[in-house]
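Read the structure below first, then the notes.
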Amino acid sequence: MANGKRVLAAGGVVWRREADEIELLLVHRKKFRDVSFPKGKLDPGETYAEAAVREIEEETGIRAHLGPSLGTVKYHLPSGRHKVVQYWSVAASPEAIAASTFSPNKEIEALEWVALDDARHRLSYPIDLEVLAAFEQLVDAGGLETFPVVLMRHAKADSAPVDSERPLSRRGREQAAANVGTLSAFGVRRILASTALRCQQTVAPLADALGRRVHLSDEISQDAFERGEDDVQAVVSRRVAKRKPAVICSHAPVLMGLMEALADATGTTAASELRAAASLRPGSFTVVHVRPGGRILAIETHTPYDERRPA
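Its first residue numbered 37, the sequence shown is counted upward by one per residue in the numbering used here.
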């Protein structure tokens with residue numbers, strides 16, 4: 037849980053391509069008379085990822101999803117409290133920009149799109165230059181355009197005479213519900229799950245929230261894995277070829293195979309990092325940011341216990 041002496045916040049570097057140039061969206065804050073990236077404090081019960089998407093929309097009117105993480109900055113406020121801010125790269129589509137309902141208000145008096153090379157001269161604080169540097173590294177790595185493939189372990193389950201019929205426990209149902217906001221923040225649209233009941237129930241709250249159906253696959257079930265009849269390579273290869281945000285919910289013994297298949301499908305070699313990212317607790321998931329037609333760019337792991345502001 038969050039420490040009461042800390043201020044938790046989240047935001048993003050919102051970007052677009054304009055005439056073959058990368059532009060960043062900066063906010064002019066009226067109260068502080070400064071220029072910064074959109075960000076704000078976590079609401080009660082929120083995770084960093086949820087807060088980042090909400091704050092960006094509230095400050096700019098742009099509804100977008102999170103790309104790769106830009107890391108965390110920490111600093112002390114004049115009050116002496118410690119502030120922690122998590123940032124992500126956030127692509128703003130032309131449609132999202134056109135749909136923005138922003139108008140000057142008591143908090144944000146103006147928005148400004150600036151060229152990437154000019155941003156450092158417009159930002160008010162040195163701490164924002166650290167975030168900008170992380171974004172520039174992402175640009176240099178060719179990592180702006182990515183799509184997420186999320187590998188998830190089913191939530192905590194009760195026992196049952198037949199393994200595939202084990203339902204989620206009360207704790208498991210809480211975990212499944214707690215993950216909805218964070219998964220939604222990454223723009224997940226396609227939902228795949230093992231045919232096991234516990235996997236179906238793990239992604240059911242997400243499917244309900246998004247109004248999407250769950251696509252069931254015996255190819256990623258534990259039963260098929262134990263019989264040697266699983267086909268994780270086919271499942272993962274389809275997702276990489278589609279280049280669409282997706283979550284794949286499966287079992288602990290199958291996750292390593294899914295991660296290895298994802299590495300193979302993208303031509304990525306980072307054995308130790310990938311193994312660690314596939315070793316998940318119940319209800320946890322790893323977001324793998326993949327370049328279209330390219331390699332894995334970044335990996336971040338989330339749990340139902342992600343730090344969030346106390347409700």
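Even glycine gets a Cβ: it sits at the ideal position worked out from N, Cα and C.
In the structure shown, the three-state DSSP call for residue 339 is coil. Secondary-structure assignment with DSSP links residue 285 through a beta bridge to 188, 229. Listed in chain order, the beta strand (DSSP E) runs fully inside the region 227-267 are 250-253, counting runs of at least 3 residues. In this structure, the beta-carbon distance from residue 92 to residue 43 does not fall below 8 angstroms. Considered as a whole, the region 104-188 harbours 118-127, 144-151 as its complete beta strand (DSSP E) runs of no fewer than 3 residues, in chain order. Around residue 180, the same chain offers 51, 58, 103, 125, 127, 174 as residues with beta carbons nearer than 8 angstroms, after the five sequence neighbours per side are excluded. Between the C-alpha atoms of residue 151 and residue 55 there is a straight-line separation of about 11 angstroms.
Fewer than three pairs of CB atoms, one per stretch, sit closer than 8 angstroms, so the region 262-282 makes no contact with the region 202-213.
Ranked by how close their Cα comes to the Cα of residue 218, the residues 331, 101, 112 have 101 in first place. Each of 285, 77, 138, 314 was checked against the Cα of residue 241, and the nearest Cα belongs to 285. Looking from the CA of residue 257, the closest CA among 199, 184, 167, 123 belongs to 199. Taking the C-beta atoms as reference points, residue 88 is found nearer than 8 angstroms to residue 221.
Ranked by Cα distance from residue 95, the options 305, 114, 172, 147 are led by 147. Secondary structure of residue 83 (DSSP, three-state): strand.
When only Cα atoms are considered, residue 154 and residue 224 end up about 33 angstroms apart.
The beta carbon of residue 156 lies closer than 8 angstroms to those of 165, 168 in the same chain, with the five residues before and after it left out. Our two residues, residue 336 and residue 105, have alpha carbons roughly 8 angstroms apart in a direct line. In the structure shown, residue 224 adopts coil according to DSSP, grouped into three states.
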